[in-house]
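Keeping their order, the protein sequence lines are chains A and B. Note that the UniProt record's numbering has the first sequence beginning at 1, numbered continuously upward. Note that the UniProt record's numbering has the second sequence beginning at 1, numbered continuously upward.
Protein chains: 2
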Amino acid sequence: MLTGTDIGERYRSDASLTGRYLPKAVIRPANTEEVAATLRICNAHGQAVVVQGGLTGLAGGANPDEDAISISLERLTGVEEIDPLSATMTVLAGTPLEVAQRAADDAGFLLPIDLGARGSCQIGGNLATNAGGIRVIGHGVTRDNVLGLETVLADGTILSSLSKMIKNNTGYDLRQYFIGSEGTLGVITRAVLRLKPRPSGRLTALCALQTYDQVVAFLARAQRGLPGLSAFEAMWEDYFHFNCEAEGQRFFETSPAFAVIVEQDVQGHETDSEEFETFLGAALEDDVIVNALIAQSEKESRLFWQVREGHAMDRLLPALINLDVSLPIGEIGRFAAECGAALAARFPQAHISFFGHVADSNLHIAFSTSGSDESTQHAVDGIVYDIVRRYRGSISAEHGIGTLKREFLGHSRSAAELEVMRRIKHALDPKGILNPGKVF
Amino acid sequence: MLTGTDIGERYRSDASLTGRYLPKAVIRPANTEEVAATLRICNAHGQAVVVQGGLTGLAGGANPDEDAISISLERLTGVEEIDPLSATMTVLAGTPLEVAQRAADDAGFLLPIDLGARGSCQIGGNLATNAGGIRVIGHGVTRDNVLGLETVLADGTILSSLSKMIKNNTGYDLRQYFIGSEGTLGVITRAVLRLKPRPSGRLTALCALQTYDQVVAFLARAQRGLPGLSAFEAMWEDYFHFNCEAEGQRFFETSPAFAVIVEQDVQGHETDSEEFETFLGAALEDDVIVNALIAQSEKESRLFWQVREGHAMDRLLPALINLDVSLPIGEIGRFAAECGAALAARFPQAHISFFGHVADSNLHIAFSTSGSDESTQHAVDGIVYDIVRRYRGSISAEHGIGTLKREFLGHSRSAAELEVMRRIKHALDPKGILNPGKVF
Chain A
1 MLTGTDIGER
11 YRSDASLTGR
21 YLPKAVIRPA
31 NTEEVAATLR
41 ICNAHGQAVV
51 VQGGLTGLAG
61 GANPDEDAIS
71 ISLERLTGVE
81 EIDPLSATMT
91 VLAGTPLEVA
101 QRAADDAGFL
111 LPIDLGARGS
121 CQIGGNLATN
131 AGGIRVIGHG
141 VTRDNVLGLE
151 TVLADGTILS
161 SLSKMIKNNT
171 GYDLRQYFIG
181 SEGTLGVITR
191 AVLRLKPRPS
201 GRLTALCALQ
211 TYDQVVAFLA
221 RAQRGLPGLS
231 AFEAMWEDYF
241 HFNCEAEGQR
251 FFETSPAFAV
261 IVEQDVQGHE
271 TDSEEFETFL
281 GAALEDDVIV
291 NALIAQSEKE
301 SRLFWQVREG
311 HAMDRLLPAL
321 INLDVSLPIG
331 EIGRFAAECG
341 AALAARFPQA
351 HISFFGHVAD
361 SNLHIAFSTS
371 GSDESTQHAV
381 DGIVYDIVRR
391 YRGSISAEHG
401 IGTLKREFLG
411 HSRSAAELEV
421 MRRIKHALDP
431 KGILNPGKVF
Chain B
1 MLTGTDIGER
11 YRSDASLTGR
21 YLPKAVIRPA
31 NTEEVAATLR
41 ICNAHGQAVV
51 VQGGLTGLAG
61 GANPDEDAIS
71 ISLERLTGVE
81 EIDPLSATMT
91 VLAGTPLEVA
101 QRAADDAGFL
111 LPIDLGARGS
121 CQIGGNLATN
131 AGGIRVIGHG
141 VTRDNVLGLE
151 TVLADGTILS
161 SLSKMIKNNT
171 GYDLRQYFIG
181 SEGTLGVITR
191 AVLRLKPRPS
201 GRLTALCALQ
211 TYDQVVAFLA
221 RAQRGLPGLS
231 AFEAMWEDYF
241 HFNCEAEGQR
251 FFETSPAFAV
261 IVEQDVQGHE
271 TDSEEFETFL
281 GAALEDDVIV
291 NALIAQSEKE
301 SRLFWQVREG
311 HAMDRLLPAL
321 INLDVSLPIG
331 EIGRFAAECG
341 AALAARFPQA
351 HISFFGHVAD
361 SNLHIAFSTS
371 GSDESTQHAV
381 DGIVYDIVRR
391 YRGSISAEHG
401 IGTLKREFLG
411 HSRSAAELEV
421 MRRIKHALDP
431 KGILNPGKVF
């Protein structure tokens, strides 16, 4: 347990940097029983608890309230087992994602959960937020890759459902209650994750397109024509142009309206790259895309991804606002146009650009303007989420609600849905000690 | 509403044929509002309700209790929308699965939910039981293919979460609560399902193997070597032999210890069948399989499947007992041997045979003995589920719990898990009117 001046500054906030308070104490349990003992005591005393993992969230979900203590899972770490026959990994919640990914790779498997923060985010946090990322198109959301879960309830009860089975219909699927609940229903301590065969290779292309309709048509073709399709990332012109410039890259003669990275995992058949070329050639011929560059090396593929990952956007920090919404795939183009116009009308000088995973309905919006403050963020949120509501989209595709999106939750959820969420919260955490004030 | 002698015999029981009572009345709502009105009245009067779909379940989950009324969804039927851009289908709960499959097919898509009872089972029941089936290896369980859900709560509240988005992290994922809850938490009235690209072809082979270790090794190879792998069905010798004899088929010179149907969905590349042959050839060469027959036509593929589907087993009815369990994939071979020996020791004259989806951990056991009665079923359940418990398996892979497996639920779930299930039940259905006595 850390108290007083031993509590480092890093326990104040997740990556949104909006945390205001340090926890009153930081408990660092080394096993599930210590998590349970901590919660039993806290529950008896009505002590608010926030669970902290890698603190890479962007919604304020792991920020301590004024009177909360923190349970940090940084010592609850390790890959306990890889079962090659079941193709499963049993892992402790505090294990960094990248450590788990490497362990899977060493055993000849792919851990299909992946996101940019892999180096510091932890499995427990990935599960508690149902983290998304770039591989959802091929392997589903995090939820789909969890076979078993061990969780500690608010009262210290250990709930162990560490199944390795894919089919298992024995009563309510309790895993699902905790995955994506942002630490408000229980503390995830251990998980059994699905592993997939490790691909032997990856083919990557950067394509230029002229309209959003072409992006959707190209996606449909890729889903039919490229078995093992593992990424489909779209960048709108402003985003692609900004990041190419910043990285000193020039991929096409003229900047296209849309740039798409398409990636296929392959198992080393001789014909793989030939078929990838044939696929792109047909798309060119049919005017679905206007240009395509196939990465000839890992290094070239990294260049494409550097632009997509937009590290250059960091120079817009701290003024950068990154929004994360989802919409029915067919409507993303119209939404982006409408949203861009509404933001530009209010903030004529701002940088506004769009990018996203598209294939899984997810769109990100990068926004930056000089002299930006909290009221700017609030205004941007209001403009974007109002349009999201009209499109019957989601105000959070993969970042979660935390505190930062709480005010807008009603834009995507009905009063009846919120009431059911509250009933479940009360059933599992009647004293409300787990991450109070988060989600709702 | 049907009452008195208008209530047909078919409302008495699901396909387990264990139902004892006719419902006091059958309500047949034509829309969600009528479902809501029915439940409002029932909840006010503490009237028990059982929801009935296609009545193809095998766990007694849709059988009326002595004083229950039935809500039959047979009139709540129809595919409301197919959105080709989002690749989604919006469908009413009473729609037969096969009708929904055909609508998807007509639109150029595949509805990835599929099971033997497709002709009569309904989407609502598929979702309420998280139905499994033979395509889980390629497309996940039913749960993974549901994007949006409309449900009516016990008190008549309509909970509408009809999202078309794949990524959507806005508070608790309420869909998951109702999927697989066997009608005890709410009545599913409408769903948004994911569609996949319709394959242009399917390659099928029937393979002979000598050991269960080979089955597992062959599965691992298929998962790596066959993109679009869509079925992997194993039959133990007794099952294969019995059904081949009964169908008058002879595929191999000598009856193999294991027969496996492996199937790959393809998109019509010229090289597809060549690669399939190469894959099987390599497996033969490496002594993973000892023989392989590739179906040369749809008709030949049907012959393989006829044996697997085991319609000939029906001649063992009504004495046939069909068990549905799941186990970690690597342990299924040992489990089957142990289970077979234990059953044979107790019932030396019985037919005992094993078959299953294996790739998704699912094993079925067919058991039949002359003079079988309720006490036989109970004895068989006890023998099998005791072994399942020792293997930390699941007493229900895909059939659910209903009433028939209720007594054994504690073999796969801990007291803490059951307590949480009860708390959730109480939170969503405080008067306990929804399918009382089912699951727990």
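All C-beta atoms, glycine included, are put in the ideal place defined by N, C-alpha and C.
What is the DSSP secondary structure of residue i, reduced to helix, strand or coil?
{"i": "residue 214 of chain A", "result": "helix"}
{"i": "residue 15 of chain B", "result": "coil"}
{"i": "residue 408 of chain B", "result": "helix"}
{"i": "residue 333 of chain B", "result": "helix"}
{"i": "residue 266 of chain A", "result": "strand"}
{"i": "residue 441 of chain B", "result": "Because chain B here runs from 1 to 440, residue 441 of chain B falls outside it and cannot be looked at."}
{"i": "residue 463 of chain A", "result": "Nothing can be reported for residue 463 of chain A: it is not among the residues displayed for chain A, which extend from 1 to 440."}
{"i": "residue 204 of chain A", "result": "strand"}
{"i": "residue 1 of chain A", "result": "coil"}
{"i": "residue 370 of chain A", "result": "coil"}
{"i": "residue 89 of chain B", "result": "strand"}
{"i": "residue 176 of chain A", "result": "helix"}
Report all residues from its chain with a CB closer than 7 Å to the CB of residue i; omit the five preceding and five following residues, and keep chain order.
{"i": "residue 208 of chain B", "result": "252, 256, 259, 289, 290 and 291"}
{"i": "residue 127 of chain A", "result": "142, 146, 179, 188 and 191"}
{"i": "residue 216 of chain B", "result": "329 and 330"}
{"i": "residue 421 of chain A", "result": "440"}
{"i": "residue 165 of chain B", "result": "147"}
In chain B, which residues lie with their C-beta within 8 Å of the C-beta of residue i?
{"i": "residue 427 of chain A", "result": "423, 424, 426 and 427"}
{"i": "residue 86 of chain A", "result": "328, 329, 330 and 361"}
{"i": "residue 112 of chain A", "result": "Here the premise fails: no neighbours, minimum Cβ distance about 12 Å."}
Determine the contact status of residue i and residue j, defining contact as a CB-CB distance below 8 Å.
{"i": "residue 367 of chain A", "j": "residue 404 of chain A", "result": "no"}
{"i": "residue 195 of chain A", "j": "residue 89 of chain A", "result": "yes"}
{"i": "residue 198 of chain B", "j": "residue 108 of chain B", "result": "yes"}
{"i": "residue 167 of chain A", "j": "residue 322 of chain B", "result": "no"}
{"i": "residue 393 of chain B", "j": "residue 325 of chain B", "result": "yes"}
{"i": "residue 261 of chain B", "j": "residue 308 of chain B", "result": "yes"}
{"i": "residue 119 of chain A", "j": "residue 95 of chain A", "result": "no"}
{"i": "residue 185 of chain A", "j": "residue 425 of chain A", "result": "yes"}
{"i": "residue 132 of chain A", "j": "residue 54 of chain A", "result": "no"}
{"i": "residue 441 of chain A", "j": "residue 51 of chain A", "result": "As displayed, chain A neither begins before 1 nor continues past 440, which places residue 441 of chain A out of reach and without an answer."}
{"i": "residue 341 of chain B", "j": "residue 354 of chain B", "result": "no"}
{"i": "residue 69 of chain B", "j": "residue 27 of chain B", "result": "yes"}
{"i": "residue 206 of chain B", "j": "residue 304 of chain B", "result": "yes"}
Return the chain-ordered list of same chain residues with a C-beta closer than 8 Å to the C-beta of residue i, the five sequence neighbours on each side being excluded.
{"i": "residue 277 of chain A", "result": "294"}
How would you list, in chain order, the residues of chain B whose beta-carbon sits under 7 Å from the beta-carbon of residue i?
{"i": "residue 377 of chain A", "result": "Near residue 377 of chain A there are no residues of chain B at all, since even the closest Cβ is about 19 Å away, more than 7 Å."}
{"i": "residue 181 of chain A", "result": "172"}
Ignore the nearest five residues each way along the sequence and tell me which others in residue i's own chain have a CB closer than 6 Å to its CB.
{"i": "residue 359 of chain A", "result": "137, 219 and 232"}
{"i": "residue 389 of chain A", "result": "411"}
Kindly list, in the order they appear in chain B, the residues whose Cβ is closer than 9 Å to that of residue i.
{"i": "residue 440 of chain A", "result": "171"}
{"i": "residue 39 of chain A", "result": "Residues of chain B passing the Cβ test: none, with the nearest at roughly 13 Å."}
{"i": "residue 327 of chain A", "result": "164 and 165"}
{"i": "residue 416 of chain A", "result": "153, 157, 158, 159 and 160"}
For residue i, return the contacting residues in chain A, with the cut-off set at a CB-CB distance below 9 Å.
{"i": "residue 360 of chain B", "result": "165, 166 and 167"}
{"i": "residue 189 of chain B", "result": "The contacting residues do not exist; residue 189 of chain B stays about 14 Å from chain A at best."}
Beta carbon of residue i: closer than 7 Å to some heavy atom of the ligand ATP?
{"i": "residue 342 of chain A", "result": "Of the ligands one can find in the structure shown there are none, so the ligand ATP has no counterpart to examine."}
Starting from residue i, find everything on chain A with Cβ-Cβ shorter than 8 Å and list it in chain order.
{"i": "residue 83 of chain B", "result": "328 and 330"}
Which residues of chain A have a Cβ atom closer than 7 Å to the Cβ of residue i, listed in chain order?
{"i": "residue 115 of chain B", "result": "Neighbours of residue 115 of chain B on chain A: none; closest Cβ ~12 Å, over 7 Å."}
{"i": "residue 413 of chain B", "result": "170 and 171"}
**OP:** Determine which residues of the stretch 213 to 230 of chain A have a Cβ less than 8 Å from any Cβ of chain B, and write them out in chain order.
**Re:** 216, 220, 223, 224, 225, 227 and 228
Subject >> Contact set between the stretch 166 to 178 of chain A and chain B, restricted to residues whose Cβ is under 7 Å from the partner >> reply: 166, 167, 168, 169, 170, 171, 172, 173, 174 and 176
**OP:** With 7 Å as the limit, tell me which residues of the stretch 133 to 151 of chain A have their beta carbon closer than that to any beta carbon of chain B; keep them in chain order.
**Re:** 136, 140, 141 and 144
Subject >> Near-chain A residues of the stretch 248 to 267 of chain B - C-beta to any C-beta below 7 Å >> reply: 267
Original post:
Taking a cut of 9 Å between CB atoms, which residues from the stretch 392 to 403 of chain A lie near chain B?
Top reply: 392, 393, 394, 395, 396, 397, 398, 399, 400 and 401
Original post:
In chain order, what residues of the stretch 196 to 212 of chain A put their CB closer than 7 Å to some CB of chain B?
Top reply: 197
Original post:
In the stretch 267 to 296 of chain A, which residues sit with their C-beta less than 7 Å from some C-beta in chain B, listed in chain order?
Top reply: 267, 269, 271 and 275
Subject >> Residues of the stretch 119 to 134 of chain A whose Cβ lies closer than 7 Å to any Cβ of chain B, in chain order >> reply: 129, 130 and 132
**OP:** Can you give me, in chain order, the residues of the stretch 44 to 55 of chain B that have a beta carbon less than 8 Å from any beta carbon in chain A?
**Re:** none
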